[in-house]
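*Asks:* Per numbering that gives the first Met the number 0, the sequence shown starts with residue 0, numbered consecutively.
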Amino acid sequence: MARFTLPRDIYHGEGALEELKNLKGKKAIVVVGGGAMKRQGFLAKVEDYLKETGMEVALFEGVEPDPSVETVMKGAKAMQEFEPDWIVAMGGGSPIDAAKAMWAFYEYPEITFEDLITPFSFPELRQKAKFAAIPSTSGTATEVTAFSVITDYAKGIKYPLADFNITPDVAIVDPALVAELPVKQVAYTGMDALTHAIEAYVSTLNCPYTDPLALKAIEMVFDYLPASYRCNMEARAKMHDAQCLAGMAFSNALLGIVHSMAHKTGAAFSTGHITHGLANAMYLPYVIKYNAKDPVAAKRYAEIARFVGLGGASEKALINSLCEKINEFNVILNIPATLKDFGIKEDEFKEKIATISENAVGDACTGSNPRTIDLATMERLFTCIYYGIEVDF
Numbered sequence: 000m001a002r003f004t005l006p007r008d009i010y011h012g013e014g015a016l017e018e019l020k021n022l023k024g025k026k027a028i029v030v031v032g033g034g035a036m037k038r039q040g041f042l043a044k045v046e047d048y049l050k051e052t053g054m055e056v057a058l059f060e061g062v063e064p065d066p067s068v069e070t071v072m073k074g075a076k077a078m079q080e081f082e083p084d085w086i087v088a089m090g091g092g093s094p095i096d097a098a099k100a101m102w103a104f105y106e107y108p109e110i111t112f113e114d115l116i117t118p119f120s121f122p123e124l125r126q127k128a129k130f131a132a133i134p135s136t137s138g139t140a141t142e143v144t145a146f147s148v149i150t151d152y153a154k155g156i157k158y159p160l161a162d163f164n165i166t167p168d169v170a171i172v173d174p175a176l177v178a179e180l181p182v183k184q185v186a187y188t189g190m191d192a193l194t195h196a197i198e199a200y201v202s203t204l205n206c207p208y209t210d211p212l213a214l215k216a217i218e219m220v221f222d223y224l225p226a227s228y229r230c231n232m233e234a235r236a237k238m239h240d241a242q243c244l245a246g247m248a249f250s251n252a253l254l255g256i257v258h259s260m261a262h263k264t265g266a267a268f269s270t271g272h273i274t275h276g277l278a279n280a281m282y283l284p285y286v287i288k289y290n291a292k293d294p295v296a297a298k299r300y301a302e303i304a305r306f307v308g309l310g311g312a313s314e315k316a317l318i319n320s321l322c323e324k325i326n327e328f329n330v331i332l333n334i335p336a337t338l339k340d341f342g343i344k345e346d347e348f349k350e351k352i353a354t355i356s357e358n359a360v361g362d363a364c365t366g367s368n369p370r371t372i373d374l375a376t377m378e379r380l381f382t383c384i385y386y387g388i389e390v391d392f
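1. If you count every other CB in all the chains shown that lies within 10 Å of the CB of I388, and 16 or more means buried, which is it?
2. Between A236 and G12, what straight-line distance do the alpha-carbon atoms span, to the nearest angstrom?
3. Measure the Cβ-Cβ separation of A98 and G74 and say whether it is below 8 Å.
4. I86 lies in the beta strand (DSSP E); which residues open and close that run?
5. With a Cβ-Cβ cutoff of 8 Å, do H262 and K339 count as a contact?
6. Report yes or no: do three or more beta-carbon pairs, one from the region 248-266 and one from the region 37-55, lie closer than 8 Å?
7. Buried or exposed, going by whether 16 or more other CB atoms sit within 10 Å of the CB of Y289?
8. Quickly, what does DSSP pair P134 with across the bridge? List them, please.
9. Can you tell me where the alpha helix (DSSP H) holding F249 begins and where it ends?
10. How is T150 classed by DSSP in three states: helix, strand or coil?
11. Let's test the definition: count the other Cβ atoms within 10 Å of the Cβ of V330 and tell me whether it reaches 16, buried, or not, exposed.
12. Run the CB neighbour count on L374, radius 10 Å, all protein chains shown included, and call it buried at 16 or more, exposed below.
13. Does DSSP put V29 in a helix, a strand or coil?
14. Use the C-beta contact count for G392: other C-beta atoms within 10 angstroms, 16 or more gives buried, fewer gives exposed.
15. Decide yes or no for the touch test of the region 248-256 against the region 358-377: beta carbon pairs closer than 8 Å, at least 3 of them.
16. The beta strand (DSSP E) that contains K215, what's its start and end?
17. Touching or not, the region 147-161 and the region 107-127, by the rule of three or more beta carbon pairs under 8 Å?
18. With three or more C-beta pairs closer than 8 Å as the rule, is the region 377-387 touching the region 345-353?
19. State the DSSP-derived secondary structure class of I197, mapped to helix, strand or coil.
20. DSSP puts H11 in a beta bridge; with which residues?
21. What's the gap between the Cα of A15 and the Cα of F130?
22. Between the region 87-95 and the region 130-143, do at least 3 Cβ pairs fall closer than 8 Å?
23. What residues are listed by DSSP as bridge partners for V397?
24. Is the beta carbon of A216 sitting closer than 8 Å to the one on A248?
25. DSSP three-state label for K129, please.
26. Could you work out which residue in S147, G155 and A178 is closest to I165 when comparing CA atoms only?
27. For A161, does the three-state DSSP call read helix, strand or coil?
28. So what does DSSP say about S269, is it helix, strand or coil?
So, in structure tokens, the structure goes:
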């Protein structure tokens, strides 16, 4: 038996934000990030729409990129004091992810973070509040997923929280919110969406419910991401839908070691934070080459290439075409090809490779990767990514 879970309602397209007027409750807390939603007027709209329903509204602002354990606990305390029956999270993946974790601590104040990092171990939510998510980037799809990523900066790692309980009740996917997205974010979030869809399609938990969503998302990213990067608004609207489709797929099929590696390297190096989508984009072609040694994965990568119209007379040729296409996108989007090109110092990489490899092998996403991997092989794969070495093992 398998499970397929989505939000009860997904509102999408122009004007979808107005659906907030139809929420029913007494109090709503709005969780947002660093200020873009306020500057662009969307925060005021959300407050006004919620107040039209008769709800009292409170704000929790300032969620940082890659939200921390400390921010989660601070937000949970604000919720415990305000006692909302709706949590409305708006912005990129960070405020929505943070709000999901806050939700758990709001409803269960005695629970610990250590209790939640075991996959699918959350207590039953919706005892006090329901959850609405409004994305302002086109990549994480956290508005439709059972996942949240929280960073423990003291340990230098990211924890992917996983439980169907934190799938939002309502998702509002309005393209107006991504019209002014900076091009770097368009690039990184777009490649994050592509990685979600590809990993979902080859995951050991793929199924007939997730496959069509993943393939359509891949096709749309290949069709629209370059134009979205060039600020074409129609393409940005299409990408907003594509990332949501990818999220529906991976929330149910799960992911693989591209994400395991990205989770454990984002905050690991002193030379600069590796943005999640950028890390996924760098690692993806290397991981495809590694996973393609598994015959089932190879078949499915080739199916992706055929579906999007890439050339290749053999399975191997189709997989090479897929990797070449991803590499071409990385060039267009100004994404480095290696960790060395990103700026990670060789001495620091060598010093930390054992630890980050161990953490990546132990990541929750590793279990659904189509090919198993051990610590020594993970170190070898990271080494290929650092120096740009062909993966032939």
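By construction, the Cβ of each residue, glycine as well, lies at the ideal position given by its N, Cα and C atoms.
*Replies:* On the basis of the coordinates in this document:
1. Result: exposed.
2. Computed Cα separation, rounded: 8 Å.
3. It is a contact, given that the beta carbons lie within the stated cut-off.
4. Following the DSSP letters along the chain, one finds I86 inside the beta strand (DSSP E) bounded by residues W85 to G90.
5. No, they are not a contact pair.
6. No, the region 248-266 is not in contact with the region 37-55.
7. Result: buried.
8. By DSSP's assignment, P134 forms a beta bridge with G90.
9. Run containing F249: M232 to A252, per the alpha helix (DSSP H) assignment.
10. T150 carries a strand assignment under DSSP once its states are collapsed to helix, strand and coil.
11. Answer is exposed; the Cβ neighbour count stays below 16.
12. L374 is exposed by the Cβ-count criterion.
13. Strand at V29.
14. Note on residue identity: the sequence assigns Phe, not Gly, to residue 392. Taking a 10 Å sphere around the C-beta of F392, we find fewer than 16 other C-beta atoms and assign the residue as exposed.
15. Yes: the two stretches touch, three or more of their Cβ pairs being nearer than 8 Å.
16. Where K215 is concerned, there is no enclosing beta strand (DSSP E), although the alpha helix (DSSP H) it sits in stretches over D210 to Y228.
17. Flag = yes, the region 147-161 and the region 107-127 touch.
18. As far as the Cβ criterion goes, the region 345-353 touches the region 377-387, which means the pair count is three or higher.
19. Note: I197 maps to helix in three-state DSSP.
20. Paired residues: V172.
21. Rounded to the nearest angstrom, the two C-alpha atoms are 16 Å apart.
22. Cβ pair count under 8 Å is three or more, so yes.
23. The shown model of the chain, from 0 to 392, leaves out residue 397, and the question about it has no answer.
24. Yes; because the gap between Cβ atoms is below 8 Å, this pair is in contact.
25. The answer is strand: DSSP assigns K129 an E or B state.
26. It is S147 whose Cα lies nearest to the Cα of I165.
27. In the structure shown, A161 sits in a strand (DSSP, three-state: E or B).
28. When secondary structure is reduced to three states using DSSP, S269 falls in the coil class, being assigned neither helix nor strand.
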